[in-house]
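Numbering (the UniProt record's numbering), first residue to last: 1 to 429.
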């Protein structure tokens, strides 16, 4: 029985011990599941996650910004980092020796050494703009091409100007005339805004050449005519010469000085009334070949105007003083003069060689279509007045008829209508 009691006591102690342990487990479990502990656990877990994320981000950031890697620039390898922009890389390496283009004038002169386009940059064959250099980052294996900027020609303004026409002159004939009127052309030209340089560009309308022909009149074989001409009048010697011509049934052409025509308008009118021709010998008898364009045009205009007012006739025919009329003169006034008359027989009467010498010059050189040069002004013309009747008589005896220059040109048949009609040549088309 005593033994049974011991066993019973041991059994009871074991049961109590088990009960106590179970109660302790329940208590621990109950404590771990309280709200306070759950929050602590969540915070710990979150902190751990943040640490992991921060570490990952730091690694990613370092990898993409501070890790050195290799790229190829103009076929050469360089080390860089992802943090650097293309602008940074270019700056560190002096643009790899490349330079912006220059600003040039039209003639190729350098106006600004860096005034052209910026250097050209391509990333993997994609062009990067200048602004894009600040936002573009490199990646491992990138291929970068850097080239010089292109030179740029300065900006310009557009203008137009005249193209002067040139002239061709056929010489050798006694009568020069406008065969084709010259025409001024037009051309575009550019003016550099920076340099002020001027550069000719496209021709808007080409210039047309002025053509001056030269003919010594030829008359039909059944005609025998000669043209007497008198220079430097009108003067006091003009009246007796006009009377002789009238008495002898002859005509002549008078190349008169405008200033003197204005002083003796009645003489001009008498010349026309008697069937003679009146043309210009300038206004004041200068050497026209020495005058500039403006002075030449003023001289000729005054001469034509004076003769027109005095004689009530229009003329575009000229005999230049001293026969001096240059290519440039023609260019400067072809729109004022249709013909310039020279001569084929010079009596040299202005030297006052004597009546017989004057007469002999005419008779020794007379031919059908000849143009004889004499004077009714510019000095003492007594010899001319005295010898003229015998000259006319001698030529009459040889069968000559006396004609004006206009009549002589009409017989020739080769002169344009504007020359025959004392008009200026029409403008070239």
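The beta carbon of each residue, even a glycine, is placed where N, CA and C say it ideally should be.
Through-space distance from residue j to residue i, alpha-carbon basis
i           : j           : result
residue 43  : residue 135 : 40 Å
residue 163 : residue 410 : 35 Å
residue 190 : residue 109 : 16 Å
residue 373 : residue 267 : 20 Å
residue 308 : residue 218 : 29 Å
residue 383 : residue 210 : 42 Å
residue 392 : residue 283 : 30 Å
residue 395 : residue 177 : 28 Å
residue 202 : residue 261 : 49 Å
residue 248 : residue 429 : 47 Å
residue 251 : residue 206 : 45 Å
residue 181 : residue 405 : 22 Å
residue 351 : residue 357 : 11 Å
residue 310 : residue 422 : 17 Å
For residue j and residue i, believed in contact at Cβ under 8 Å, the rounded distance
i           : j           : result
residue 469 : residue 148 : Nothing can be reported for residue 469: it is not among the residues displayed for the chain, which extend from 1 to 429.
residue 315 : residue 419 : Not confirmed; about 11 Å, so no contact.
residue 175 : residue 215 : 5 Å
residue 159 : residue 85  : At roughly 46 Å, the Cβ-Cβ gap does not stay under 8 Å, so residue 159 and residue 85 are not in contact.
residue 336 : residue 424 : 7 Å
residue 365 : residue 230 : In fact, because the Cβ distance is near 17 Å, the residues do not count as touching under 8 Å.
Where residue i falls: helix, strand or coil (DSSP)
i           : result
residue 419 : helix
residue 18  : Bear in mind that a pLDDT of 49 at residue 18, under 50, signals an unreliable position, so the model cannot answer this.
residue 121 : strand
residue 263 : helix
residue 183 : strand
residue 406 : helix
residue 387 : helix
residue 304 : helix
Residue i CB to nearest heavy atom of the ligand ATP below 6 Å
i          : result
residue 51 : As far as ligands go, the structure on display features none, and thus does not contain the ligand ATP.
Burial state of residue i (16 or more Cβ within 10 Å)
i           : result
residue 490 : As shown, the chain starts at 1 and ends at 429. That puts residue 490 outside it, with no answer to give.
residue 171 : exposed
residue 281 : buried
residue 400 : buried
residue 192 : buried
residue 102 : buried
residue 361 : buried
residue 408 : buried
residue 100 : buried
residue 68  : exposed
residue 72  : exposed
residue 415 : buried
residue 258 : buried
Extent of the continuous beta strand (DSSP E) to which residue i belongs
i           : result
residue 254 : 252–256
residue 375 : 370–375
Endpoints, alpha helix (DSSP H) assigned at residue i
i           : result
residue 360 : 355–365
residue 329 : 327–333
residue 87  : 86–92
residue 243 : 238–248
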